[in-house]
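Down below is the structure, laid out as structure tokens.
Protein chains: 2
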Amino acid sequence: MKDRILELLKTNQDSFISGQRISLELGVSRAAIWKYINALKDEGYEFESSSKIGYRLTSVPDLLTQEEVADKIKNNRIGKSIIHFNTIDSTNIKAKELAANGAEDGTVIISEEQTAGKGRLGRHWISPKNKGIWMSIILRPHINPMYASRVTLIGAAAVFKAVESQGIRTLIKWPNDIVLNGKKVCGILTEMSAELNRIHYLVIGIGINANVDDIDFPEEIKTSATSLKIESGHPIDRKSLTAEILNNFEILYDKFLSDSSIKDSVAICRENSVLLGKEIRIINNGKETEAKALDINDDGELVVVHPDGTTGVVFSGEVSMRGLYGYV
Amino acid sequence: MKDRILELLKTNQDSFISGQRISLELGVSRAAIWKYINALKDEGYEFESSSKIGYRLTSVPDLLTQEEVADKIKNNRIGKSIIHFNTIDSTNIKAKELAANGAEDGTVIISEEQTAGKGRLGRHWISPKNKGIWMSIILRPHINPMYASRVTLIGAAAVFKAVESQGIRTLIKWPNDIVLNGKKVCGILTEMSAELNRIHYLVIGIGINANVDDIDFPEEIKTSATSLKIESGHPIDRKSLTAEILNNFEILYDKFLSDSSIKDSVAICRENSVLLGKEIRIINNGKETEAKALDINDDGELVVVHPDGTTGVVFSGEVSMRGLYGYV
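The listed protein sequences correspond, in order, to chains A and B.
For the record, in the first sequence the residue sitting at position 220 is 220 according to the numbering used here, with numbers rising by one throughout.
For the record, in the second sequence the residue sitting at position 268 is 596 according to the numbering used here, with numbers rising by one throughout.
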């Protein structure tokens with residue numbers, strides 16, 4: 001009911017709505033309306049109200065709640081259910097917990113803040129309050145676990161497209177980072193729970209430094225991390241960007257499910273790659289080799305040429321590039 | 329201390345040991361000895377005791393506890409720590425929980441009974457009390473998740489060798505069942521939690537119908553399941569069999585870790601396969617195809633020939649065989 005009252009007030013932001021009208025339209029008592037309005041105030045919504053003329057919504061909070069994001073989402077599954085937290089250890093940890101307990105395909109976990117945000121290989125991810133998009137998507141694809149890595153590229157392509165729709169052109173660092181002016185603005189962390197030929201669930205964690213300020217980054221990562229706001233010079237509409245990511249994700253993901261192909265996502269990753277043509281280092285289980293990145297093939301693997309002239313593919317190793325936030 | 333007292337009593341089962349001697353040898357008070365002896369009685373150990381001449385161990389329980397299995401284990405890691413339960417929902421569920429909380433590589437979870445034992449694809453596994461070996465091994469290999477399925481074949485080969493050491497020749501139904509006289513006596517369920525190029529942990533669940541009686545099997549699975557005891561006509565020493573499985577597992581697993589090859593395990597699975605040369609059905613995501621099983625290649629994949637004469641490999645699909653406990 002709270003969301004229906006909010007919707008009614010949102011569509012009438014120019015004028016007051018009487019308690020009587022809300023009561024009649026939604027079939028709810030005036031005492032209950034008062035209770036819901038107070039609950040909304042607690043969430044950061046602001047109202048003008050008068051016992052004579054009713055209520056008018058004057059301000060909505062900058063929060064990535066279901067109420068604030070849902071109306072921008074065009075999907076059938078991805079993001080139809082958004083579970084929102086003000087603070088949490090890590091959206092991936094929560095998503096795995098909810099998935100293990102049966103959360104549905106397409107459920108999205110979003111937190112305003114992560115106190116223990118995770119990057120790949122157990123690294124920490126800075127996630128200050130209300131300044132980024134810290135979210136995880138729960139997926140239950142009927143695919144072989146060996147194809148799970150393809151979903152990371154779908155995520156990277158979806159983020160690229162969504163950020164582009166906000167007027168900012170980024171580059172993709174295969175397979176799971178998005179960079180802007182040589183610094184990281186987004187990381188994707190895909191985790192899975194699986195049997196050998198059956199995925200229980202995938203969790204695609206997407207962390208976007210949207211409105212993170214310079215002061216939020218610890219000194220030692222300032223050379224390697226930045227935010228969309230810092231680089232573009234203007235604040236980002238987190239709600240629209242969140243919805244755009246989820247909308248683009250569902251389109252690309254549905255194509256993948258229908259024919260197992262990630263051609264479209266790979267094309268986006270290839271055309272906007274920061275790696276191709278560059279000298280890179282490949283780190284796999286502590287072993288480091290040098291190579292030149294040539295291409296991303298249609299299976300989403302990185303094609304490289306080694307110093308001895310032989311070519312090979314990198315499945316999902318750690319890759320770093322000289323000059324791109326240093327060799328990490 | 330309890331295990332050291334037990335060890336002392338075990339090595340002197342022919343004679344009484346005085347409380348004074350235990351007290352001196354182990355540096356423990358006689359009141360404490362009495363407390364530990366009572367704790368052991370609660371676990372099913374039986375003693376003769378006399379205040380004059382001391383204690384004598386007369387009977388040990390048929391339980392797969394660390395105390396009862398450890399002295400038969402020759403390994404460096406696998407089974408060095410055994411966590412034992414009298415009853416539990418599922419050893420795989422418990423193992424995943426412990427692994428997520430940091431349990432060490434090689435930790436083994438054993439339960440005398442499972443109330444919700446799991447087979448592949450969410451199927452139930454009958455696990456009556458004290459009659460089987462219901463255990464899960466936690467592994468943390470530094471391998472790419474795409475090679476995780478190889479560990480299932482290592483498990484199958486280890487079980488085959490261990491059962492063979494007890495004088496019973498079984499056959500292996502690639503990739504994860506052990507059969508005897510056409511019926512299932514063991515199933516292996518490998519689960520993993522992973523990032524894209526890093527395994528957090530693997531859990532190898534091994535369920536063996538050792539001393540399960542005919543009456544324990546529900547009517548509808550009697551045609552497809554049996555136990556080592558039913559088929560061989562004599563009860564199985566569960567402790568020795570458990571230790572042998574873990575010993576064989578570590579040998580084969582260490583070979584795999586040293587060079588990523590599962591040649592030895594594959595050789596065992598190939599030479600003792602129930603599938604090779606047979607007409608089979610391959611079920612993958614609900615789609616069913618017929619084929620003839622030709623070989624298991626060195627990567628552990630099943631090589632098949634299709635009705636049109638073309639050959640292919642099966643990575644880890646569900647496979648069934650006519651006449652082998654029906655098509656399931």
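Glycine included, every Cβ here is placed at the ideal spot set by N, Cα and C.
Residue-level contact check: R120/A touches chain B, since one or more beta carbons of chain B fall below 8 Å from its beta carbon.
Taking a 10 Å sphere around the C-beta of N525/B, we find 16 or more other C-beta atoms and assign the residue as buried. The C-beta separation of I236/A from V159/A comes to about 13 Å, leaving the pair out of contact by the 8 Å criterion.
For W134/A, the uninterrupted beta strand (DSSP E) run begins and ends at I133 to L139, by DSSP. With its beta carbon at least 8 Å from every one in chain B, L302/A lies outside the interface.
Here the segment 211-224 of chain A does not lie against the segment 40-53 of chain A, with fewer than 3 beta-carbon pairs under 8 Å apart. Measuring C-alpha to C-alpha distances from L604/B to each of A431/B, D331/B, F344/B and M649/B identifies M649/B as the nearest. Just measuring C-alpha positions, the residue of S149/A, R238/A and A32/A sitting nearest Y201/A is S149/A. Annotation: S260/A to I251/A spans about 13 Å, alpha carbon to alpha carbon. A straight line joining the alpha-carbon of S464/B with that of T11/A spans about 57 Å.
Per the Cβ contact rule, the segment 84-95 of chain A is in contact with the segment 107-115 of chain A (3 or more Cβ pairs under 8 Å). Runs of the alpha helix (DSSP H) spanning 4 or more residues and lying entirely within the segment 137-207 of chain A occur at 150-165, in chain order.
The beta-bridge partner set that DSSP reports for L630/B consists of I624/B and V642/B. In this structure T639/B does not touch V647/B by the C-beta definition: roughly 15 Å separates them, more than the 8 Å allowed.
Excluding residues up to 5 positions away in sequence, S81 lie with their Cβ nearer than 7 Å to the Cβ of E104/A in the same chain. Proximity of T190/A to chain B, defined by a Cβ-Cβ separation below 8 Å, is satisfied.
Pairing K183/A with W174/A, the inter-Cα distance amounts to about 14 Å. From the beta-carbon of S589/B, no residue of chain A is found nearer than 7 Å; the closest lies around 16 Å away. Using a CB distance cut-off of 8 Å, A194/A counts as an interface residue toward chain B. Around the beta carbon of I381/B, a 10 Å sphere encloses fewer than 16 other beta carbons of the protein chains shown; the residue is thus reported as exposed. Ranking C269/A, A243/A, R169/A and I283/A by CA distance to the CA of E67/A puts A243/A first. Contacts between N575/B and chain A, judged by CB atoms closer than 9 Å, are missing: the closest CB pair is about 24 Å apart. Residue contact with chain B for A95/A: absent (no Cβ-Cβ distance below 8 Å to any residue of chain B).
Shown here, Y364/B sits in a helix according to DSSP, grouped into three states.
Here T289/A carries a strand assignment [DSSP, helix/strand/coil].
Interface annotation, N472/B: in contact with chain A, CB-CB separation under 8 Å. In this structure, DSSP gives V212/A a state outside helix and strand, which the three-state scheme calls coil. Scanning L139/A, R238/A and M1/A for the CA closest to the CA of A99/A turns up L139/A. Excluding five sequence positions before and after V163/A, the CB atoms of its chain that fall closer than 6 Å to its own CB belong to T170, given in chain order. Chain A has a Cβ within less than 8 Å of the Cβ of A476/B. No Cβ of chain A is located within less than 8 Å of the beta carbon of F584/B.
A straight line joining the alpha-carbon of S165/A with that of N76/A spans about 21 Å.
A residue is called buried when at least 16 other Cβ atoms come within 10 angstroms of its Cβ; A367/B does not meet this threshold and is exposed. Around T152/A, the beta-carbon contacts reaching into chain B at under 9 Å are L524. Classified as buried, N420/B has 16 or more neighbouring CB atoms from the shown chains inside 10 Å of its CB. Straight through space, the alpha carbons of A553/B and I350/B are spaced by roughly 48 Å.
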